[in-house]
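Accompanying notes for the structure given below.
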Amino acid sequence: MVRAANAAENQVFVIGGGPAGLAAALAARQRGFEVIVADSCVPPIDKPCGEGLMPDGIEALQRLGVTIPATQAHAFQGIRFVSGELSADAVFPQGFAWGVRRTHLHRVMVEAAERAGVQLWWGRVVTGLDPEGVRVQGDLVRARWIVGADGSSSRVRRWAGLDAHLRKKQRYAFRRHYKIAPWSQFMELHWAARCQLYVTPVDPGQVCVALISRDPGLRLDEALPEFPEVAERLRHAAHGSMERGALTVTRKLANVCGGRVALLGDASGGVDAITGEGLCLAFRQAVLLADCLCANDLNRYQVEHRRIARHAARMADLMLLLEHREGLRRRLMRAFRAHPVLFPRMLAMHVGEGSPLHFAGNSLALGWSLLTA
Ligand SMILES: Cc1cc2nc3c(=O)[nH]c(=O)nc-3n(C[C@H](O)[C@H](O)[C@H](O)COP(=O)(O)OP(=O)(O)OC[C@H]3O[C@@H](n4cnc5c(N)ncnc54)[C@H](O)[C@@H]3O)c2cc1C
Numbered sequence: 197m198v199r200a201a202n203a204a205e206n207q208v209f210v211i212g213g214g215p216a217g218l219a220a221a222l223a224a225r226q227r228g229f230e231v232i233v234a235d236s237c238v239p240p241i242d243k244p245c246g247e248g249l250m251p252d253g254i255e256a257l258q259r260l261g262v263t264i265p266a267t268q269a270h271a272f273q274g275i276r277f278v279s280g281e282l283s284a285d286a287v288f289p290q291g292f293a294w295g296v297r298r299t300h301l302h303r304v305m306v307e308a309a310e311r312a313g314v315q316l317w318w319g320r321v322v323t324g325l326d327p328e329g330v331r332v333q334g335d336l337v338r339a340r341w342i343v344g345a346d347g348s349s350s351r352v353r354r355w356a357g358l359d360a361h362l363r364k365k366q367r368y369a370f371r372r373h374y375k376i377a378p379w380s381q382f383m384e385l386h387w388a389a390r391c392q393l394y395v396t397p398v399d400p401g402q403v404c405v406a407l408i409s410r411d412p413g414l415r416l417d418e419a420l421p422e423f424p425e426v427a428e429r430l431r432h433a434a435h436g437s438m439e440r441g442a443l444t445v446t447r448k449l450a451n452v453c454g455g456r457v458a459l460l461g462d463a464s465g466g467v468d469a470i471t472g473e474g475l476c477l478a479f480r481q482a483v484l485l486a487d488c489l490c491a492n493d494l495n496r497y498q499v500e501h502r503r504i505a506r507h508a509a510r511m512a513d514l515m516l517l518l519e520h521r522e523g524l525r526r527r528l529m530r531a532f533r534a535h536p537v538l539f540p541r542m543l544a545m546h547v548g549e550g551s552p553l554h555f556a557g558n559s560l561a562l563g564w565s566l567l568t569a
């Protein structure tokens, strides 16, 4: 446990109380820091999201002392791809994933942060950085470390001069819940010519449906006929929530920290939502960051952050290759059928069960199968 004589010397100030900010706060508390989290919103905070928490994300959360009660989530056992009349599925190598309403996840994380002794300042806007800390609605709050977990359009990133990026792409997402019993043990990813739809079971009577495309004007009702199987199932289902939109941004920053500021979660870059990995990445970054703050070594955070993000970014690239290539998708489905170990192996890599060597080996095997399918 770190104990500093001066309170401000031991103070971590987290800007943003979404999943990333709360995870950062929990990890920092585990290392003995005093932690304040400020968020302009009031919990439980909702946000358009596919609401799938992969097995590695569940494990990372548990390490932070957060367990999602089974009554607050719905387990699923793998991923199913559907393109036209072709489909393939794969089960996770170990454990299961949760479909969990974003508001439930937030509530459970807030409760864990309260138990851990994090000071939570809801409804408070951080208005700037200061050489000695942060400005909260104009007032100075001193802190040794500042964590920018203020989401994809992070202002902390800009204030800290960390906005320079090596890569940036964005797509548009719309999400709505439907009141219907989940029909599958899988999180389903449906592909069509100009968009994808993913369906996550979130409780025994509800599924979350997220549409992703490059067209800012494309809404769920217009896109659903392109997915006849899903459209038929949802035909008589009542809406469980309003349709809400969000950007899904692929961003690779040149630097994720500088001085006393470190970025985390979507503020620190991000992978396309199609990977379903945003939350897990944030939880792993939170543990890493707390270790690095403890060791007074943000250089290590910079290096390791890149390593953590690399794998998810490669997976996103692979999946986005399929976006507008129906022929390639059909070959992929056929390859998955012809080589039943291929999809489970790729899924295993996706949830962190495999090395870069495995990744290279599986990519080669996949490439070969695509050529011969
Ligand atoms: C359509 C879609 C589907 C997705 N599906 C999945 C999925 O299935 N699984 C998965 O793991 N990930 C998924 N993701 C990604 C995941 O939602 C994000 O990675 C995650 O929400 C990032 O959390 P965060 O805490 O970094 O940011 P946010 O959740 O955006 O939180 C940022 C917080 O900062 C606060 N804030 C901002 N500025 C200030 C300020 N100046 N002062 C005070 N507070 C401030 C905001 O109020 C907000 O609460 C999806 C994303 C999208 C868009």
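Per our numbering, the sequence shown runs over residues 197 to 569.
Positions of the beta carbon are idealized from the N, C-alpha and C atoms, including for glycine.
Using CA coordinates, which residue listed in the options is at the minimum distance from residue i?
| i | options | result |
| --- | --- | --- |
| residue 237 | 211, 230, 227 and 523 | 211 |
| residue 378 | 364, 294 and 324 | 294 |
| residue 429 | 402, 453 and 450 | 402 |
| residue 292 | 304, 275 and 457 | 275 |
| residue 398 | 357, 221, 436 and 307 | 436 |
| residue 500 | 344, 417, 213 and 483 | 483 |
| residue 261 | 235, 304 and 351 | 304 |
| residue 308 | 285, 321, 257 and 538 | 257 |
| residue 214 | 345, 331, 314 and 271 | 345 |
| residue 409 | 358, 387, 424 and 425 | 387 |
| residue 509 | 474, 306 and 486 | 474 |
| residue 209 | 371, 273, 254 and 314 | 314 |
| residue 416 | 351, 235, 373 and 218 | 373 |
Could you tell me the alpha carbon to alpha carbon distance between residue i and residue j, rounded to whole angstroms?
| i | j | result |
| --- | --- | --- |
| residue 268 | residue 302 | 11 Å |
| residue 355 | residue 324 | 7 Å |
| residue 451 | residue 224 | 21 Å |
| residue 540 | residue 471 | 15 Å |
| residue 281 | residue 519 | 17 Å |
| residue 232 | residue 521 | 47 Å |
| residue 545 | residue 283 | 20 Å |
| residue 488 | residue 204 | 18 Å |
| residue 535 | residue 317 | 52 Å |
| residue 353 | residue 290 | 37 Å |
| residue 497 | residue 259 | 19 Å |
| residue 340 | residue 330 | 10 Å |
| residue 438 | residue 321 | 26 Å |
| residue 449 | residue 362 | 6 Å |
| residue 239 | residue 533 | 45 Å |
| residue 285 | residue 527 | 15 Å |
| residue 288 | residue 514 | 19 Å |
With a CB to CB cut of under 6 Å and the five nearest residues on each side skipped, what residues in its chain are close to residue i?
| i | result |
| --- | --- |
| residue 300 | 268 |
| residue 243 | 298 |
| residue 445 | 348, 366 and 466 |
| residue 380 | none |
| residue 590 | The structure shown does not extend to residue 590, since the chain is modelled only from 197 to 569, so the question has no answer here. |
| residue 413 | none |
Within its chain, find whatever has a CB closer than 7 Å to the CB of residue i; leave out the 5 residues flanking it on each side and keep chain order.
| i | result |
| --- | --- |
| residue 548 | 252 |
| residue 198 | With a pLDDT of 37 at residue 198, under the threshold of 50, the predicted position of this residue should be treated as unreliable, and no value is reported. |
| residue 263 | none |
| residue 248 | 293, 295, 383, 396 and 472 |
| residue 392 | 385, 386, 408 and 470 |
Which whole-angstrom value describes the C-beta separation of residue i and residue j, a residue pair presumed to lie in contact below a C-beta threshold of 8 Å?
| i | j | result |
| --- | --- | --- |
| residue 447 | residue 461 | Contact doesn't hold; Cβ gap of about 12 Å is too wide. |
| residue 542 | residue 279 | With 8 Å as the limit, residue 542 and residue 279 do not qualify as a contact, their Cβ atoms being about 16 Å apart. |
| residue 469 | residue 369 | 6 Å |
| residue 376 | residue 433 | 4 Å |
With DSSP run on the structure shown, which of helix, strand or coil describes residue i?
| i | result |
| --- | --- |
| residue 258 | helix |
| residue 501 | helix |
| residue 470 | helix |
| residue 548 | coil |
| residue 290 | coil |
| residue 302 | helix |
| residue 422 | helix |
| residue 539 | helix |
In its own chain, which residues sit with a C-beta less than 8 Å from the C-beta of residue i, not counting the 5 before and 5 after it?
| i | result |
| --- | --- |
| residue 326 | 336 |
| residue 517 | 524 |
| residue 456 | 339, 340, 341 and 342 |
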